[in-house]
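K.L.:
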Ligand SMILES: N[C@@H](CCC(=O)N[C@@H](CS)C(=O)NCC(=O)O)C(=O)O
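Residue numbers (my numbering): 94 to 317.
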């Protein structure tokens, strides 16, 4: 059994989840693997108790506890591990340049979105609406409009998924789809991205990270 360490919490405005851990959840779901979720207290990501540092030296989520291979940390590394260990269904292109494209676009998702503008929008959502800094949130949206979104718009235009078939390149954008579903950010300047995110939300695997899925209904997956 695989154990995914993450943070997830229910609020009146939706179930909020770690963006990086949501990347791993999507891959566990896409590959129909058995797993359970270990939900850490969000405050522990800042306090960094020894129990978490023993699993992830930076005290971050996600990390994945495996029976065969110990603890694996970092969402991109975990997802490549899952792809290597459980190759079916494949989530990477067959060719070398195809895999390079997948890694570039995956990295863009991580750097320009998940570590770029997105936290400025997502972190305040874990507080009550009246305690949020609306200016900082708008700065997050502006950062996305200035950096990640124009390139993503150019890359997804004319394609269903970034490498044509759904792949690891699309996985960070599942987390973007999750955040922007709660935020409702106006994407009218990026119509192809808006359609792409809507398409990602239609995937079965999105249910496990959807803001409208309760904690009880997204605690893992076991073969029936
Ligand atoms: N590159 C890492 C980033 C992990 C990360 O920043 N996770 C956030 C939660 S989404 C976290 O644990 N933040 C606490 C911190 O930065 O110390 C990954 O992809 O797993």
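Backbone N, C-alpha and C define an ideal beta-carbon position, used for all residues, glycine too.
Along the alpha helix (DSSP H) that carries residue 181, what are the first and last residues, could you check?
P.N.:
Careful: residue 181 lies outside any alpha helix (DSSP H) and carries neither H nor E.
K.L.:
What separation, rounded to the nearest whole angstrom, lies between the Cα atoms of residue 184 and residue 132?
P.N.:
Residue 184 and residue 132 have their alpha carbons spaced roughly 26 Å apart.
K.L.:
Residues in the same chain with beta-carbon distance under 7 Å from residue 115, minus the five sequence neighbours each way, listed in chain order, please.
P.N.:
267, 268, 271, 302
K.L.:
Tell me whether the region 218 to 234 and the region 117 to 125 touch, counting them as touching only if at least three CB pairs, one residue from each stretch, are closer than 8 Å.
P.N.:
no
K.L.:
Considering only DSSP beta bridges, list what residue 103 is partnered with.
P.N.:
According to DSSP, residue pairing for residue 103 in a beta bridge involves 108.
K.L.:
Among residues of its own chain, excluding the 5 on either side of residue 222, which ones have a beta-carbon nearer than 8 Å to its beta-carbon?
P.N.:
Cβ neighbours of residue 222 beyond the five flanking positions: 106.
K.L.:
Please check the pair residue 130 and residue 287, which I expect to be a contact at CB under 8 Å, by giving their CB distance rounded to whole angstroms.
P.N.:
With a Cβ gap of about 30 Å, residue 130 and residue 287 do not count as contacting.
K.L.:
Does the structure place the region 203 to 216 close enough to the region 170 to 184 that three or more beta carbon pairs sit under 8 Å?
P.N.:
These segments do not touch.
K.L.:
Is there at least one non-hydrogen atom of ligand 1 closer than 6 Å to the beta-carbon of residue 115?
P.N.:
Checking the Cβ of residue 115 against ligand 1 gives no.
K.L.:
Look up residue 166 in the DSSP assignment and say whether it is helix, strand or coil.
P.N.:
strand
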